[in-house]
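> Here it is: the structure, laid out below.
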Amino acid sequence: MIENWISEIKRHPESSSIGMILIHNGIVRATSKNGKPVRGMRLSYNAKKLNMLIEEIKKQQGIVEIKVWINEGELKIGDDIMKVLVAGRLRTDVFPALQELVSKIKNEVVNEEEIF
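The letter at position 36 of the sequence shown is residue 787 when you use the working numbering, and the numbering goes up by one with no holes.
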C-alpha cells in the first residue's frame with residue numbers, strides 16, 4: 752500500500768514541488784495508555800468526518816497530497832490501526848500537517864475500544 756501511494760504521489764501533477772513525504776503507521780500495542788495489558792481493540796470511524804478533515808489539511812500551505820487508510824473492526828496486538836501519508840513542499844509544512852492530521856483522526860474521527 753505505502754509503495755503504491757508513493758508511486759502515485761510521484762506521478763501527481765504537482766510532484767515537482769514535493770520535497771518530503773511523511774508516513775505514520777499506527778499499530779495495536781499490548782498495553783493500554785495507562786499500562787494495563789490488552790488483547791486488542793475494536794475500531795470504527797466516521798468516513799465523512801475523515802474526508803472533511805483530509806480536505807481541510809490539504810488546504811494548508813505547502814501540502815500537496817494526503818492518503819489515509821484506517822483498519823476497521825476487531826484488531827489484535829500487532830495489527831495496523833491506520834496508515835497516513837502527507838506529501839508536501841518542506842519539512843516545516845509537512846511535519847505539523849501530519850501531526851495535526853493524526854491527532855484529529857484519533858480525537859475526532861475514530862472510536863477505539865480496548866479489549867481486555
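Using N, Cα and C, we set each Cβ at its ideal position, and we do this for glycine too.
Is the beta carbon of L826 less than 8 Å from the beta carbon of L794?
Residue numbering aside, residue 826 sits at position 75 when the sequence shown is read from its first letter. Residue numbering aside, residue 794 sits at position 43 when the sequence shown is read from its first letter. Cβ distance < 8 Å, so L826 and L794 count as in contact.
> Grouping DSSP H, G and I as helix and E and B as strand, with all else coil, what is E765?
Start at 1 with the first residue of the sequence shown, and residue 765 comes out as number 14. Reduced to three states, the DSSP call for E765 is coil.
> From I817 to V837, what does the alpha carbon distance come to, in whole angstroms?
Looking up residue 817 in the sequence shown gives position 66. Looking up residue 837 in the sequence shown gives position 86. Distance between the alpha carbons of I817 and V837: 5 Å.
> Give me whichever residues DSSP pairs with P788 in a beta bridge.
Taking the sequence shown and counting its residues from 1, one reaches residue 788 at position 37. Answer is T782.
> Just to confirm my understanding: we take G876, look at its own chain, exclude 5 residues before and 5 after, and list those with CB closer than 8 Å. What are they?
Only positions 752 to 867 of the chain appear in this structure, which leaves residue 876 out of reach.
> Excluding the 5 residues flanking G770 on each side, which residues of the same chain have their C-beta closer than 7 Å to its C-beta?
Counting from 1 along the sequence shown, the entry for residue 770 is found at position 19. R840, L841, listed in sequence order.
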